[in-house]
Amino acid sequence: MLQSVRHLGPVSRRARLLPTQASLLSVGRAFSADAEASSVLEVRSDEEFTRELASAGEEGKLTVVDYTAAWCGPCKVIAPVFKQLSQQYPQARFLKIDIDEPKVEKTVTESNIGSVPTFAFFKKGKELARVMGADVVSLRNQLQKLA
């Protein structure tokens with residue numbers, strides 16, 4: 046066996062290790078800073094939304110709410126941008142609400158959400174602005190303006 050390895054030569058031995066090394070690297074990426082836990086909180090109930098909005102208001106933090114739906118194509122496209130913005134603006138709180146979640150029906154109704162995605166910006170419990178649609182430029186502009 047040792048003799049067959051010698052015949053493979055240094056390049057071939059490295060080539061045999063590459064798949065193993067690649068899988069170790071991918072595991073490492075899962076625990077890297079880039080793969081940190083999302084800064085976007087998925088709100089699952091009206092009570093949780095009220096609590097999060099009040100908490101951010103007490104702290105004077107800007108809260109950005111992404112009203113979304115699992116079936117919405119544009120929502121899926123802009124979701125990674127929203128997550129990236131949450132990491133760029135750690136001083137703000139980012140919430141995500143699936144409008145089809147039964148336990149957030151009151152929040153969605155009271156927020157007058159007519160289309161998704163809709164992004165609402167709150168400070169001290171008051172809505173300051175709204176961006177409708179997967180408009181990355183408007184979303185970034187509002188964040189820069191209000192954060």
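Just so we're aligned, residue 46 is where the sequence shown starts under our numbering, counting upward by one. Every residue gets a Cβ at the ideal spot worked out from N, C-alpha and C, and that includes glycine.
Please classify residue i as buried or exposed, where buried requires at least 16 neighbouring CB atoms within 10 angstroms.
i: Gln133; result: exposed
i: Thr154; result: exposed
i: Asp79; result: Reliability fails at Asp79, whose pLDDT of 43 lies under 50, so the model's placement of it is uncertain and no value is given.
i: Lys141; result: buried
i: Ser160; result: exposed
i: Ser131; result: buried
i: Gln187; result: buried
i: Arg138; result: buried
i: Arg74; result: The predicted model places Arg74 with a pLDDT of 36, which falls under 50 and marks its position as unreliable; any figure quoted below should be read in that light. By the 10 Å Cβ count, Arg74 comes out exposed.
i: Val72; result: Its pLDDT being 37, under 50, Val72 is placed unreliably in this model, and the coordinates cannot settle the point.
i: Val88; result: buried
i: Val149; result: buried
If you follow the beta strand (DSSP E) that residue i is part of, which residue opens it and which one closes it?
i: Asp143; result: Arg138 to Asp143
i: Arg175; result: Lys171 to Met177
i: Glu87; result: Val85 to Val88
Quick check: residue i and residue j, are their CB atoms within less than 7 Å of each other?
i: Val109; j: Phe166; result: yes
i: Lys169; j: Asp91; result: no
i: Pro162; j: Ala174; result: no
i: Ala192; j: Leu98; result: no
i: Ala114; j: Ile158; result: no
i: Phe127; j: Asp111; result: yes
i: Val176; j: Phe164; result: yes
Can you name the residues that DSSP bridges to residue i?
i: Asp111; result: Lys141 and Phe164
With residue i as the anchor, note down where its alpha helix (DSSP H) starts and where it stops.
i: Gly118; result: Gly118 to Gln133
i: Gly102; result: Asp91 to Glu103
i: Ser183; result: Val181 to Leu191
i: Ala153; result: The question names Ala, but residue 153 in the sequence shown is Val. Note, Val153: alpha helix (DSSP H), Glu150 to Glu155.
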